[in-house]
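Engineer: One structure follows; several queries about it will come next.
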Amino acid sequence: MKRSSEAFWWALFSAGGVMAALFVPAFVIVTGFLLPSGDAAAAAERAAGFAGVVGRWPVRVVLFGVIALSFFHCGHRIRHTLMDLGLRRFSGPLKLPCYGGALAGTVWAAMLLWAL
Amino acid sequence: MPAEQTMTLEIFRYHPETDSEPRFQAYEVPYDEDWVVLDAINWIKDHVDGTLTHRWSCRMGVCGSCGMMVNGDPKLTCAAFLKDYYPRPVKVEPLVNFPVERDLVVSLDGFMEKLEAVKPYIIRDDVNDTSGGEYLQSPAELARYKQYSMCINCMLCYAACPVAGHEDEFLGPAALALGHRYNRDSRDRGRAERLDVMLAGEAIWGCTFVGECTAVCPKHVDPAGAIQQAKAVAAQEYFRRFAMPRGAKDAGA
């Protein structure tokens, strides 16, 4: 029997889930609560310092991994949810919008991070 | 002594040779707080209605025969106590996601085919050769698969799984957990051929990790965990084969 290529997409989904679970809450806390807290001048100073850290290449690489894998996690989950909602026979064609969308998001993230 | 207490069992009835469709029949049974649902069904069979058909054997959670839907939940009826439902009526139905043969008895054919498909036995060329003595295992090697060997094939996990109900290709929780059990056995050499079956089509990938299989398992096998581990193995295999297209097929466990 031919083994399914689903292993590839599941691996990206799985890695994206780990990345999202580990990093996204930290991002929310840092960018949503810690950076903007206090008076405006202090917040702006912290934001500028944060932007400097984000611009470093190792940080850009990590951010790219988190963002890209999270996109594929999202695409895979949407594909399987649509299959569960009755589109199971379109499991093949659904790959194009779901993983294509994740790829587009990945390219976009790469361009933004490159231009920082 | 107080007057005898009773409670009501509403039981799914279907005799394909006479009934055009299933119906429910209510029975009053003596209430005894030591009784399980299976005791009540057996009492009905012995004292009220001998035509009621159900499967059971050990009465102690070992044989896996008496799985039914009790108030909508898949349960071993030998482990579902009446006192947990009294005084409300208890509705007993055959396990969902299986074809009904008669009353509370479902067909095992599809399940048995899936169980056989994963080759749930040790595969190795020298399986009959005992000249070297026993195949010894360390406690750590035993611990790698022991939990997954506790399955009693009661099929509660198939009744609990939403995917098993609508995806025929999906091998289902018990079969996949059992395949995983042999893949993790240090004595086994059949992992590659077992994975060929487990990783084809929707056989394992149908699972979307709902987790109800593990929630209902009376033996704490954790089929959902087994399936996720097997998926991780599959992903490793996929990338290993991609990196080493030749000669990677027979890598052992």
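Protein chains in written order, with the numbering used here: chain F, 5 to 120; chain L, -8 to 244.
The beta-carbon is built from N, C-alpha and C at its ideal position, and this holds for glycine as well.
Note that the structure is predicted; figures quoted are calculated from it, not measured.
1. Could you check how far apart the C-beta atoms of alanine 165(L) and proline 214(L) are, in whole angstroms? I think they sit under 8 Å.
2. Cβ closer than 9 Å: which chain L residues qualify as neighbours of phenylalanine 12(F)?
3. DSSP state of arginine 93(L), grouped into three classes?
4. Run down chain F in chain order and give the residues with a C-beta less than 8 Å from the C-beta of aspartate 187(L).
5. Span of the beta strand (DSSP E) holding threonine 110(F)?
6. With DSSP as the reference, label arginine 172(L) as helix, strand or coil.
7. Does the CB of leucine 167(L) have a neighbour CB from chain F at under 9 Å?
8. Kindly confirm or deny that the stretch 116 to 132 of chain L and the stretch 38 to 53 of chain L touch, where touching means at least three C-beta pairs closer than 8 Å.
9. Tell me the start and end of each unbroken beta strand (DSSP E) in the stretch 90 to 161 of chain L that is at least 3 residues and wholly inside, in chain order.
10. Nearest CA to the CA of tryptophan 34(L): which residue from Tyr18(L), Glu24(L) and His171(L)?
11. Taking only the alpha-carbon atoms, compute the straight-line gap between tyrosine 139(L) and valine 212(L) and give it to the nearest angstrom.
12. Against alanine 15(F), what residues of chain L qualify as contacts under a CB-to-CB distance less than 9 Å, listed in chain order?
13. Serine 18(F) versus chain L: which residues are under 9 Å apart at the beta carbon?
14. Are the Cβ atoms of tyrosine 136(L) and tyrosine 173(L) separated by less than 9 Å?
15. For a contact meaning CB atoms closer than 7 Å, what does histidine 84(F) contact in chain L?
16. Is it right to say tryptophan 118(F) is buried, meaning 16 or more other beta carbons lie within 10 angstroms of its own, or is it exposed?
17. Applying the criterion that 16 or more other CB atoms from any shown protein chain within 10 Å of the CB defines a buried residue, is valine 207(L) buried or exposed?
18. Express the C-alpha separation of glycine 55(L) and alanine 31(L) in angstroms, rounding to a whole number.
19. Thinking lysine 6(F) and alanine 191(L) are a contact (beta carbons under 8 Å), I'd like their distance in whole angstroms, please.
20. At what residues does the alpha helix (DSSP H) containing phenylalanine 31(F) begin and finish?
21. DSSP three-state call for aspartate 179(L): helix, strand or coil?
22. Closer than 8 Å is the cut-off here; do at least three beta carbon pairs connect the stretch -7 to 5 of chain L with the stretch 13 to 29 of chain L?
23. Determine contact between the stretch 54 to 69 of chain L and the stretch 140 to 149 of chain L, defined as no fewer than three beta-carbon pairs at a distance below 8 Å.
24. Is aspartate 25(L) helix, strand or coil when you go by DSSP?
25. Can you find a CB in chain F that lies within less than 9 Å of the CB of glycine 192(L)?
26. Would you say glutamate 158(L) faces chain F, with C-beta separation under 9 Å as the test?
27. So if DSSP puts arginine 4(L) in a beta bridge, which residue, or which two residues, is it bridged to?
28. Using a Cβ cut-off of 7 Å, pull out every chain F residue sitting near tryptophan 26(L), in sequence order please.
Structural biologist: In this structure, then:
1. Confirmed, Cβ separation roughly 6 Å.
2. Those are Ala226, Tyr229, Phe230 and Phe233, listed as they occur along chain L.
3. Three-state result, arginine 93(L): strand.
4. Within chain F, the residues Met5 and Arg7 have their CB atoms less than 8 Å from the CB of aspartate 187(L), given in chain order.
5. DSSP places threonine 110(F) outside any beta strand (DSSP E); the residue lies instead in the alpha helix (DSSP H), whose first and last residues are 99 to 119.
6. Three-state result, arginine 172(L): helix.
7. Not one chain F Cβ lies under 9 Å of leucine 167(L).
8. Cβ pair count under 8 Å is below three, so no.
9. At a cut-off of 3 residues, the continuous stretches assigned as beta strand (DSSP E) that sit fully inside the stretch 90 to 161 of chain L are 91 to 93.
10. It is Tyr18(L).
11. Taking the CA atoms as reference points, tyrosine 139(L) sits about 5 Å from valine 212(L).
12. Identification of chain L residues near alanine 15(F) by a Cβ-Cβ cut-off of 9 Å yields Lys222, Ala223, Ala225, Ala226, Gln227, Tyr229 and Phe230, ordered along the chain.
13. Neighbours of serine 18(F) on chain L, chain order: Gln219, Lys222, Ala223 and Ala226.
14. Taking C-beta atoms as the reference points, tyrosine 136(L) and tyrosine 173(L) count as a pair closer than 9 Å.
15. Per Cβ cutoff of 7 Å: Thr199.
16. Taking a 10 Å sphere around the C-beta of tryptophan 118(F), we find fewer than 16 other C-beta atoms and assign the residue as exposed.
17. Under this definition valine 207(L) is a buried residue.
18. Taking the straight line joining both Cα atoms gives about 18 Å.
19. Right, the Cβ-Cβ distance comes to about 6 Å (below 8 Å), so this counts as a contact.
20. In the DSSP assignment, phenylalanine 31(F) falls within the unbroken alpha helix (DSSP H) covering 10 to 31.
21. In the structure shown, aspartate 179(L) sits in coil (DSSP, three-state: anything other than H, G, I, E or B).
22. Yes, the stretch -7 to 5 of chain L is in contact with the stretch 13 to 29 of chain L.
23. Taking 8 Å as the limit for Cβ pairs, the verdict is that the stretch 140 to 149 of chain L does touch the stretch 54 to 69 of chain L.
24. In the structure shown, aspartate 25(L) sits in coil (DSSP, three-state: anything other than H, G, I, E or B).
25. For glycine 192(L), the nearest beta carbon of chain F is closer than 9 Å to its own beta carbon.
26. So, interface residue.
27. As computed with DSSP, arginine 4(L) is found in a beta bridge with Arg14(L).
28. Within chain F, no residue comes near tryptophan 26(L); the closest Cβ sits about 39 Å away, beyond 7 Å.
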